[in-house]
Amino acid sequence: MDLWRADVLYSKENFSKRTMRGYRLWGLPYVRLMRSYPIFAKIAQILATWFIEDIAYQMHCRPVGNWKGWILRELFFKPLCSTIGFLLKEKASSIIRNDKTTAWQ
61 MDLWRADVLY SKENFSKRTM RGYRLWGLPY VRLMRSYPIF AKIAQILATW
111 FIEDIAYQMH CRPVGNWKGW ILRELFFKPL CSTIGFLLKE KASSIIRNDK
161 TTAWQ
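Residue numbers (our numbering): 61 to 165.
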């Protein structure tokens, strides 16, 4: 299994809809920020590498985990995204629907 597929499967199995909603609410604007300021893309690349390496370990695609990725995911990403998703539930669909940003543009 490749890393992208492992990440998608892990996310479906381990992140609630509320957590994913919170992730999209800050993630889509962050994509715009990365396009305007490359330093933000570099920061995201480092953090995402840690995150993905540990997810790959959790999904048995890698022999060792990444403790920085585990800390990032379990102590920051999940609680933060879940809280954002909860607090902005009413506005989430209109914000996401009106955001024209996609990661692959």
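We put the CB at the ideal spot given by N, CA and C, even for glycine.
Between W39 and G145, what straight-line distance do the alpha-carbon atoms span, to the nearest angstrom? This structure does not reach residue 39, given that the chain is present from 61 up to 165, and the question cannot be answered.
Take K149 as the anchor and find which of A66, K77 and Y70 has the nearest alpha-carbon. K77
Contained alpha helix (DSSP H) runs [length at least 4] in the segment 95-159, N- to C-terminal order: 98-118, 127-131, 138-147 and 149-158
Contact with chain B by L132, beta-carbon distance below 8 Å: Although the question refers to chain B, the structure presented lacks it and comprises just one protein chain.
May I ask you to report which of helix, strand or coil DSSP gives S246? No statement about residue 246 is possible, as the shown extent of the chain runs from 61 to 165 and does not include it.
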